[in-house]
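Peer 1: Mind having a look at this structure? Questions to follow.
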C-alpha cells in the first residue's frame, strides 16, 4: 500500500490510479469494512488524526481533484468529498524527499516524459498535509 504524501499532480497515471485504489482500501480498513491491512503502518497517520475517516476522505478528495483535472473518471460516490485543504495531518520534509526519490525512480522507468518534466522540480506535499522538519516517517516501510 502506497498512500503518497506528495501532491497528486506529481503522480503519473498508474500512480494516481493505484493511489486512488489503495486509498479506498485504506478507507475500508479505517471504517472497519475490511479485515486485511489493519496493521499497515501507513494507516497510522490517518488513525492519529482527530477523525480518521474525514482525514482519509480529504486525502481521497485531493486524488479525485487531480483525476478530474486530467479528465479521468473516478467514482466520486465512493467517498465523502471534502473541499478542505488540510485536516491537520503532518508529514516530514524527510518523508517528502524519500517519496520524491522513490517516485522519480518509478517515473524514470514507466513514464520518461513525466520524469524529465519533474526532474528539476521541488516536490510539493499533498494539501492534506502540513510539512514539518524531520526525517523519514517511522511508518515508512523499506527505509
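In the working numbering, the protein residues as written are 12 to 154. Glycine included, each C-beta is placed from N, C-alpha and C at the ideal position.
For a minimum of 3 consecutive residues, which ranges assigned as the beta strand (DSSP E) are wholly contained in the segment 55 to 123?
Peer 2: 100 to 103
Peer 1: Could you please give me the residues that DSSP links to residue 141 through a beta bridge?
Peer 2: Residue 141 is bridged to 101.
Peer 1: Among the residues of its own chain, which have a CB less than 7 Å from the CB of residue 111, if the five just before and after it don't count?
Peer 2: 17 and 134
Peer 1: Quick check on the DSSP output: the alpha helix (DSSP H) that includes residue 36 runs from which residue to which?
Peer 2: 24 to 41
Peer 1: Less than 7 Å between C-beta atoms, sequence neighbours within five positions excluded: which residues of the same chain meet that for residue 125?
Peer 2: 23 and 118
Peer 1: Look at residue 27 and residue 78 and say whether their C-beta atoms are less than 8 Å apart.
Peer 2: yes
Peer 1: Decide if residue 72 is buried, meaning its Cβ has at least 16 other Cβ atoms within 10 Å, or exposed.
Peer 2: buried
Peer 1: For residue 136, list the residues DSSP reports as bridge partners.
Peer 2: Answer by DSSP bridge pairing, in chain order: 17.
Peer 1: Between residue 34 and residue 61, which are expected to be in contact by the criterion C-beta below 8 Å, what is the C-beta distance as a whole number of angstroms?
Peer 2: No, residue 34 and residue 61 are not in contact; Cβ-Cβ is about 19 Å, not under 8 Å.
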